[in-house]
Structure formats: C-alpha cells, structure tokens
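So for the sequence shown, our numbering puts the first residue at 88; every next one is plus one. For reference, the structure discussed in these notes is given below.
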Amino acid sequence: MASKESYAIKVGERILVTGANSFVGSNVVDVLLSLGYIVRGTVRSEKPWLEELFESRYGAGKFELAIVPKLDDNEALAVALIGVSGVVHVASDMSFGTDPSKVIRPVVVATESILKASSEVSSVKRVVLTSSSAAATILEEGQGSRVVNQDTWNDAAIKAAWDENTPADNKGLMVYAASKTEGERAAFNWVKKNKPGFVFNSVVPDYTARLPASVAQNILSNASLLEGNETIMNLIVAQYFIDAKDLARLHAIALLDPSVQQERLLGLAVPYTWKELVDTLRELRPSSEKLVKNVPAAREGYVNLLPIKRSEELLRSFFGQSSWTNLRDSLNAGITSSLVKMTETEKIVGRDTTGTTAVSATSEDHHGYTKEITPRDIIISAAIVLTQLVQMIPYGSGINAGLEIGRRLGATPAESTWIVASYPLTQGAFVLIGGRLGAVYGHKNTVVVAGVLWVIFHLVSGFMKSVITLSLMRGLSGIGGALIVPNAIALLTITFPPGKMRNISVGFFGATAPIGATLGSLLSGLFVQLLPWKWLFFFLAILGAATFTLFALVVAGEAEPFDKGGSIDYVGSYFGVGGLVLFNFVWNQAPVVGWKEPYEYALLIIATLHLVAFAIWESKFTKNPILPLDIWSVPSFGIMILSSFSAFMSVGIVIWYISIWNLEVRHYTLLSNAAAFATLGVCGVAAAIISAKVIRYAPAEHIMAVGALASGVALILIATMPEQQVYWAQVFPALIFAAFGPDFLFTAAQIIASNTVKRHQQGVAGSLIGTLLSYGLSTGLGFAGTVEAYTNNQGNNVVQGYRNALYLGVGLAGISMVLAMLFIRIPKDQRDGWDEGEVDHVPSTTPNNV
C-alpha cells in the first residue's frame with residue numbers, strides 16, 4: 088500500500104471533480120475526501136444536498152461546489168480551477184442522443200476546454216479523464232479472444248454513429264461510444280501536441296454494477312431488472328463489470344500514483360453474464376416478484392475480450408486491495424445501503440456499508456432542489472437578514488429625528504437635512520465596490536469588518552458637537568452599511584439555491600427597508616424626544632455589536648473567497664465611488680444653497696466626468712472590473728437596473744415627505760410620527776411574505792411593475808391630501824402601499840439578478856441592487872428637494888413645494904412601471920446540452936460506461 092508521502096499531489100491540496108453529483112463523480116469525491124484532500128465539485132446548478140452529504144461525513148470546509156453551467160464556459164472553468172492541484176473530469180454527455188453532430192463534437196470541445204483551462208493554471212499537476220470501455224472496443228461477432236490494451240480504439244462505433252443505416256434502437260449507443268472514443272483520443276492528441284505542465288491519464292471502465300437507491304429510474308439500470316424490464320439485456324452483451332468504489336479508487340490512482348503517466352487504466356474488472364447478475368439479484372432480493380425471467384445464459388457468438396492486468400496490480404500496490412470486488416458483494420452493497428428518502432422531487436442519498444456513497448435522484452431532480460426548511464436554515468437566514476435590518480435603522484432614524492437633532496445643534500432646517508442625507512449617500516455610493524471586496528476577501532469577512540466600522544462610527548457620532556461633524560460620522564458609518572448590503576445578499580444567494588428558502592430570505596431581506604425605517608423612527612422618537620440625542624447613537628452601537636457578533640458566530644461563509652488573492656480595481660473604484668458621491672452631493676446640496684452657486688455646476692460636471700471615466704476604464708482597461716461587462720449581457724438586465732433605480736427614488740421621496748408633512752405641517756411629535764410609521768413596518772413583513780410566494784409563480788417583471796405601481800399610488804395619496812386630515816384617511820393607506828413598493832421591487836430585482844448571473848458574480852449582482860436601493864433612496868431626495876425649493880414660493884407655500892416634489896415621485900414610479908411592463912423580459916431557463924455531470928436522472932448504469 089502506497090504511503091501518502093509518495094502521492095503525486097500533496098494530501099490537503101484541492102482537487103476539482105467535474106460532474107460531482109453523478110454516480111461516479113460522487114464516488115470519486117468520496118474517495119478523495121477519505122484520503123484527506125479538499126474537493127471542489129462542479130455541477131450545472133446549485134446542489135445543496137451534495138454539500139450537506141459530504142459535510143456530514145467529513146466536516147465543514149472539505150467539499151466545495153462550483154457552478155459551471157456548460158463545460159465550454161471558459162470563465163466559469165477558470166474560476167473553478169483557482170487554487171486547484173489536480174482535476175478529474177467525469178462529466179460527459181449521457182443523453183444517448185441519436186444525432187452525432189449534437190453529441191460528438193461538443194464532447195470533444197468540452198474535453199479540450201478542460202485541458203486548455205487546466206494548462207493555464209500553474210498549480211495543476213495532474214488531470215484524469217473518465218472515458219469508457221466503449222472508447223476502447225466494440226463487441227465483435229466471432230470466436231476466440233482479443234486483448235484490450237492502451238492502443239485499442241473503437242473506430243467501428245464512430246463509423247456506425249455517422250452511418251444512416253445503423254438500426255435506430257442501437258444508434259444512441261453508437262453515438263455515445265463514438266463520443267467517448269473521439270473525446271478520449273482528442274485528449275491524448277491535445278496533450279501530445281501542446282505539452283502542458285501536467286500529467287494526463289484516463290480511466291476506461293466497463294459496466295458499473297450497482298443497485299441504485301431509487302427503482303423509479305431509466306430503463307437502463309439494474310433496478311429495471313427488478314421491475315421486469317428486459318431492455319438493458321437486449322441492448323448490451325454482458326462482458327465485464329467494475330464495482331463503483333473500485334472505479335473511484337482507479338481514478339484516485341490515475342490522479343495520485345506518480346508511476347502512472349500518460350496511461351489508460353482499464354476498468355474491465357470481473358467478467359459476468361446476465362444470468363449471473365439476475366441470479367444474484369434473486370438471491371439478494373428473494374421477495375422481488377417482478378424480476379426478469381428470460382435471461383441470456385452466456386456470451387455466445389462474440390469475441391472474448393481480455394484486458395491487461397495493469398489496473399488490478401495498481402489497485403493492489405496503491406490501496407492494498409487484493410483483488411477486484413466481485414459481483415455479489417457489489418450488488419449487495421447497494422441493496423444494504425442506508426437510504427435517506429426525502430420528498431418526491433428531492434435527492435435520494437445512499438451510503439453503502441463499504442463506504443461508497445451512492446447518489447441518485449428522481450426524474451424531477453433537474454428542475455431544482457427543494458427540501459424541508461430546517462431550523463438551521465432559519466437561523467442562518469435570520470442572522471444574515473438582521474445585519475441588513477440593523478444597517479437600515481439609521482435611515483429611518485435620520486428621517487424622523489434629523490431635523491430635531493439639527494435644531495439642538497443650532498443648525499437651520501436646510502443644514503439639518505445633511506444629517507438625514509449623509510448616511511444614505513455613502514451607503515449608496517460605496518455599495519458599488521462592496522461586492523468586489525467580498526469576492527477577493529470573502530463575503531463573510533467583509534460583512535464582519537463592515538460591521539465593526541458601523542459600530543465604531545455610530546459610537547463616535549454620539550460625541551459630536553456640530554451638524555458638520557455629526558454628518559461626517561454618519562457618512563462614515565454609511566460606508567460600513569454599504570459594504571454589508573451586497574455581501575449579505577451574496578451570502579443569502581450562495582447559501583440558498585434558487586427555490587423556496589432563497590425566495591423567502593430575499594423577500595425578508597427586501598422587507599428590511601420599510602421595517603428598518605419604522606424601527607429607526609421608533610428608536611429615534613424614544614431617544615431623541617425623551618433623552619439626550621447622543622443616546623440614540625450609543626444604543627445603535629450596542630445593537631450593532633450584538634447583531635454582528637451573532638452573525639460572525641452563526642454564518643459559516645464560503646470555504647474560500649471566490650477570487651482569493653485577486654486584485655481590487657482602485658482606479659475604477661475611485662472613478663465610480665467618487666462620481667456617485669459627487670453627483671449625490673450636488674443634488675442634495677442644491678435645496679440648501681440653490682443652483683445660483685457656481686460650485687454646484689462645477690461639481691456636477693466633475694461628477695459626470697468621473698462616471699464617464701469609470702465606464703471607459705471598466706470596459707477598456709481594467710483586468711478586474713468592479714462591474715464585469717458580461718453581467719450586462721443578461722437579457723433585460725440594463726433596463727431592469729434603470730427601472731429599479733427610478734422606483735427606489737420614488738420610494739425615498741414618499742417616505743421622506745410623509746415624515747416631514749407629519750412633523751412640519753401637522754406638528755406630530757417624534758413618537759407620534761414613529762407610531763404613524765408602524766404601519767410601514769407591519770405591512771413590510773406582510774409584503775415580504777407575499778413577495779416571496781408570488782415570485783415563484785409570476786414573472787419577475789410583473790412583480791416589479793406592481794411594486795412601482797404601489798409606490799406611485801402612495802405618492803398620489805400624499806400629494807393630494809389636505810394639509811390637515813385624520814391619519815387614517817390617506818396617510819394610513821399610503822403607508823400600506825409604500826410598504827409593498829420596496830419589498831416587491833427589491834425582491835424581484837434581486838431574484839432576477841441572482842438567478843441570471845453566475846455564482847461567483849452574486850456579490851457583484853448584490854452590489855448593483857444594493858446600490859439601486861440605497862443610492863436611489865438618497866438621490867431621490869435630492870431631486871425632490873430641488874423641485875420643492877424652486878416651487879414653494881421662496882418658502883411662503885411650503886405645502887405646494889411638498890406636493891410638486893411628490894408629483895416628481897409619481898413620474899419616477901410611472902417610468903419604472905412602464906419600463907418593467909414593456910421592456911423587461913426574463914426568459915425561462917432553456918439551456919441545451921449535457922447536464923454537466925447531472926446524470927442522476929439518466930441511466931443509472933449505462934452500457935459500457937460509468
């Protein structure tokens with residue numbers, strides 16, 4: 088048995104396994120984990136059950152998932168290969184399609200893509216390809232024997248695959264065999280031609296005998312024999328089988344044994360006949376009444392294949408295993424598996440008594456992953472959502488108490504608006520870079536650091552003596568809030584795949600806007616009206632410390648940052664953040680000083696130039712853009728951004744003017760105003776629940792339009808109400824509509840973004856949507872304040888200025904609704920091609936293959 092010190096790849100390093108959720112792929116992962124390696128498995132879409140399976144066996148941080156929608160997606164492959172020392176390429180086309188043009192060439196392209204991508208990563212030492220005995224030989228009619236060796240290729244299958252006269256019932260098998268032949272041969276030719284820095288080997292297995300966990304599978308499985316289906320016996324002439332664990336170990340040998348170089352390890356382990364297999368099944372499952380009865384007795388009329396003994400010798404020397412696992416033991420291991428059966432559309436996971444992990448699925452597996460929501464899921468989701476809720480509280484506290492705090496500091500109402508605007512200004516602008524920071528340093532790490540900044544600057548705020556210094560501290564704490572937004576939402580969308588739990592979590596995440604505003608109003612009312620205002624900030628610091636400590640303890644985060652060691656685009660960050668800050672400053676300062684000040688125009692020009700420079704730099708020069716260009720190639724993505732930004736500006740306008748109308752026109756106390764906003768918080772929770780449910784059934788663009796409509800209705804109600812009126816007449820219903828606006832808008836926008844971009848871009852998508860929310864809330868106030876200042880008859884008709892500002896909000900909501908209804912179209916997932924190793928719903932045991 089080989090010592091681990093002799094392995095070609097050091098124990099503890101990272102191995103990439105493509106098609107990790109396939110039967111063979113999951114077994115390869117299991118063996119490599121048992122040897123002490125960290126394994127990253129590629130899948131086409133999220134597979135949380137796979138992570139849970141291996142975490143339960145080997146602990147957290149040992150197995151990672153990488154989303155690679157298609158194996159020729161070079162960008163996704165490059166990300167998946169970061170930090171990898173070895174590659175096992177299992178995934179292939181298992182469709183058994185009859186059109187060779189749609190199967191053979193794509194398999195070759197995908198194989199060469201894996202090799203090319205691996206050659207560009209200096210850390211990759213060895214690459215293994217899962218082939219098939221179908222690539223080495225085809226059964227021939229005749230007598231005698233023939234040796235199968237390194238140079239045996241199935242050219243007959245290639246000819247049959249392209250031959251129009253090949254019988255239809257055999258065409259799929261021939262196309263499959265041809266794809267394996269061409270794929271493996273192309274791999275060896277590519278390595279010979281390009282001379283990469285890694286060692287390449289292939290594994291060539293025959294029939295993988297097993298009893299799958301679910302009998303409700305494709306007819307090409309041993310389970311079908313138990314149901315009386317003879318199709319598999321009529322299609323395949325029995326020759327050799329290999330046990331699943333033996334096959335996984337053979338992959339490990341090809342990857343780790345330094346003596347194996349540029350070899351084909353044949354997995355033609357033990358000869359068998361269909362009669363032997365069925366008799367064994369009858370012995371192991373005597374109660375099976377449907378077991379097939381018409382069984383071919385022997386291999387008659389075919390040339391007998393004789394494999395070389397190299398693989399068995401390696402199994403003995405490397406693992407200390409004396410011989411191949413026999414047919415009975417292999418089938419018995421599957422039958423005695425401990426099966427964990429979930430719901431009809433969920434995974435069925437089996438672990439056999441030999442340590443092999445058998446993974447299969449119902450036919451609905453490829454539609455998505457659903458499972459019972461566990462208490463652990465709820466705790467993790469709550470810990471993440473609470474960070475967003477806490478960082479939204481200062482927004483509401485500023486709206487309710489900003490003017491009063493300013494008065495106590497001796498400032499004018501116009502100057503005091505900076506206490507309100509400073510937090511959302513930086514909160515919106517710095518969100519832009521938050522996603523990139525999370526990708527490089529880890530989303531959890533970024534949230535923790537941001538939380539520390541948030542707590543410190545809120546604590547310091549309580550000691551400030553002027554509006555300027557307090558606004559400065561509010562702005563600095565807003566930076567912490569900005570970094571929390573994209574990374575918290577990224578953690579949600581990374582932790583929970585598309586489905587019920589993600590929708591619920593994102594829905595409540597969106598609800599933190601109205602709920603946070605309500606809590607902020609309530610807390611500011613209590614502390615500022617009843618105590619010195621500094622205690623508001625001291626309390627927020629304490630609340631933040633508790634929340635971020637809980638987050639740090641509960642949320643696991645990623646096993647490793649998606650772009651660990653990557654660089655930050657500081658030039659792009661400067662242009663982007665600088666442009667956003669200056670643009671927002673200009674519009675929020677305009678109501679204070681007016682547009683008569685020359686510096687307003689100068690700063691507006693400078694801000695615009697910064698944003699133009701940002702766009703040019705990101706598209707032409709930087710290697711690591713804050714906003715990768717390909718994120719804009721998603722259908723309707725750009726229009727969705729514009730629609731969302733318009734809508735969030737309208738939300739900020741209606742919340743601000745409800746508050747200022749109550750305080751300045753109707754002379755509510757701070758506590759009375761906070762009580763009025765309780766409607767916003769309560770309805771925000773309801774809206775979150777409804778939006779999370781509706782998003783599963785209605786097109787996202789319709790939900791966005793409804794959110795914009797809700798904000799528009801709220802604005803109209805406030806714009807048309809008389810100066811003095813009972814709360815229940817128009818403010819109460821307006822707050823109900825105002826609660827549904829941001830919830831529906833944020834949930835729809837975030838679901839669109841997170842479900843349409845790649846997994847490693849979740850932070851970027853979160854940054855964009857977070858920027859739209861926070862920056863829109865703040866910038867909308869600047870636009871509305873300018874309209875108010877220029878239409879209130881120089882302060883003699885304050886209410887008319889309010890109304891005109893509100894009508895601006897109506898227009899913004901209308902623009903958002905029209906864009907959503909007419910121009911946003913999010914297509915259904917219609918991806919074609921192989922399921923990147925997701926063969927759980929195709930033949931559980933495929934002919935002459937894995």
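Ideal placement from N, C-alpha and C gives every residue a C-beta, glycine not left out. Computed from a prediction, not measured in an experiment: that's the story for all the values here.
For residue i, the nearest candidate out of the options (CA to CA)
i    : options                   : result
V155 : I201, T605 and L418       : I201
I245 : D256, D238, A223 and V235 : A223
Y294 : R272, S218, A265 and P254 : S218
A163 : L152, S398 and S220       : L152
V64  : L822, L691, V772 and W704 : Examination of residue 64 is not possible in this model, given that the chain is present from 88 through 937 alone.
V214 : E199, V175 and E251       : V175
A577 : A836, A907, G525 and M791 : G525
R494 : K552, R463 and F819       : K552
I726 : A632, I902 and V98        : I902
T129 : S109, I571, G771 and R523 : S109
N161 : P187, S132, S205 and L137 : S205
L122 : R144, A604, I713 and L750 : R144
Simplified DSSP state of residue i, which is helix, strand or coil
i    : result
T440 : Because the pLDDT at T440 is just 27, under 50, the model does not fix this residue reliably, and the point stays unresolved.
R144 : helix
S778 : helix
A300 : Any answer about A300 is weak, because its pLDDT of 36 lies below 50 and its placement is not dependable; what the coordinates show is given next. A300: coil per DSSP, three-state reduction.
S289 : strand
Q112 : For the sequence presented, residue 112 should be read as Gly rather than Gln. Looking at G112 - three-state DSSP - the assignment turns out to be helix.
N305 : Only weak support exists for where N305 lies, its pLDDT of 38 falling under 50; the coordinates are left without a value.
T766 : helix
L496 : coil
A255 : helix
D366 : helix
Y327 : strand
P345 : coil
Length of the line joining the Cα atoms of residue i and residue j
i    : j    : result
E350 : L371 : 37 Å
W938 : M560 : For residue 938 there is no data in the structure shown, the boundaries of the chain being 88 and 937.
G148 : F287 : 28 Å
A734 : F724 : 15 Å
G867 : M736 : 4 Å
A339 : L168 : 18 Å
N114 : W411 : 16 Å
P573 : Y744 : 28 Å
L119 : Q348 : 19 Å
E400 : L378 : 36 Å
G284 : G794 : 55 Å
A273 : S289 : 12 Å
G146 : G173 : 21 Å
V615 : A761 : 12 Å
E875 : L546 : 34 Å
L758 : L609 : 7 Å
Y359 : T239 : 22 Å
S503 : E491 : 8 Å
Residue burial classification, residue i (beta-carbon count within 10 angstroms, cutoff 16)
i    : result
A165 : exposed
A785 : exposed
L618 : exposed
I466 : exposed
D333 : buried
V680 : exposed
K380 : exposed
H530 : buried
K258 : buried
I486 : buried
In DSSP terms, what residue i is bridged to
i    : result
T224 : DSSP, once it has assigned bridges, lists no residue as partnering T224.
G173 : I102 and R213
N749 : The partner list for N749 (beta bridge, DSSP) is empty, contrary to what the question assumes.
D117 : DSSP lists no partner for D117.
V130 : I154
R351 : S289
I125 : R101
N238 : It is Asp, not Asn, that sits at residue 238 in the sequence shown. DSSP, once it has assigned bridges, lists no residue as partnering D238.
I295 : Residue 295 is actually Thr in this sequence, not Ile. Bridge partners of T295: I329.
Test: residue i CB closer than 7 Å to a CB of chain C
i    : result
F819 : Judged by its chain identifiers, the structure shown contains no chain C, having just a single protein chain.
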